[in-house]
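Chemist: Please find one structure pasted underneath; my questions will follow.
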Amino acid sequence: LHTNGYSLVRKILFENSGHNVNARLPQLPTSLADELLKIHKSYLRPIQALHKAKLLKGAAHITGGGLTDNVPRVLPRGCAVEILPQSWPEQPIFKLLKDARQIPEQDFRRTFNLGIGMVLVVSARKIGFVSQILKKLREPFYEIGAVVKHRPRQPRVAYL
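40 is the number of the first residue of the sequence shown in the working numbering; add one for each residue after it.
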């Protein structure tokens, strides 16, 4: 969950679904407590390395508001993003929450980070260099979309 959505998770999993915090649910690799208490990841090392290499054009920490609200904050005027949700694996906790069927998809995307804690905006022409640096640091990463021209009256974040 990465720092956001805990109030909604509590409502869905404990109040509405009646799960116990110590439950071992078949959808999760650990107990529910261990899943919800996972340590928040620090992105300092990869950001420092990419900044030092002059490869970083922007970085958005994906907290409350999810990708929908956080990514546009780092985009220049006139730009939008197209995000490909199928480009990264769905984490079990999000599958569990989706299966509860209590959240419309748009709200789900605005509440949770969907497993993406940080979005790094880099030049498409430099993705090979970015990939080398992140692999050297043993940082998992996914190419989740592209920056595109923003069309008037269209959202700045489109999920394809």
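Each residue gets a CB set at the ideal place from its N, CA and C atoms; glycine is no exception. The structure displayed is predicted, hence computed values, not measured ones.
(1) Smallest Cα separation from residue 212: which of 169, 181, 61, 187?
(2) Of all Cβ atoms in chain B, is any one closer than 9 Å to the Cβ of residue 83?
(3) Mind the definition here: the stretch 145 to 164 touches the stretch 56 to 69 only if three or more C-beta pairs lie below 8 Å; say whether that holds.
(4) Roughly how many whole angstroms lie between the Cα atoms of residue 185 and residue 123?
(5) Tell me whether residue 139 sits in a helix, a strand or coil according to DSSP, three-state version.
(6) Less than 9 Å between the beta carbons of residue 89 and residue 172, yes or no?
(7) Going by CA-CA distance only, name the one from 161, 50, 54, 157 that's closest to residue 202.
(8) Can you name the start and end residues of the beta strand (DSSP E) that residue 167 belongs to?
(9) Compare the beta carbon distance of residue 139 and residue 52 with 9 Å and say whether it is the shorter of the two.
(10) Need the endpoints of the alpha helix (DSSP H) that residue 48 sits in, please.
(11) By a C-beta neighbour count over all protein chains shown, 10 Å radius and 16 as the cutoff for buried, is residue 130 buried or exposed?
(12) Is there contact between the stretch 174 to 181 and the stretch 100 to 110, where contact requires at least three CB pairs shorter than 8 Å?
(13) Pull up the DSSP beta-bridge partners for residue 198, would you.
Modeler: According to the data block:
(1) Past the boundaries of the shown model lies residue 212; the chain is included only from 40 to 199, so the question cannot be answered.
(2) Protein chains in the displayed structure number just one, and chain B is not present.
(3) no
(4) 9 Å
(5) coil
(6) yes
(7) Since the displayed the chain opens at 40 and closes at 199, residue 202 lies outside it and no answer follows.
(8) From DSSP, residue 167 is part of no beta strand (DSSP E) but of the alpha helix (DSSP H) over 166 to 175.
(9) yes
(10) 45 to 48
(11) buried
(12) no
(13) 122
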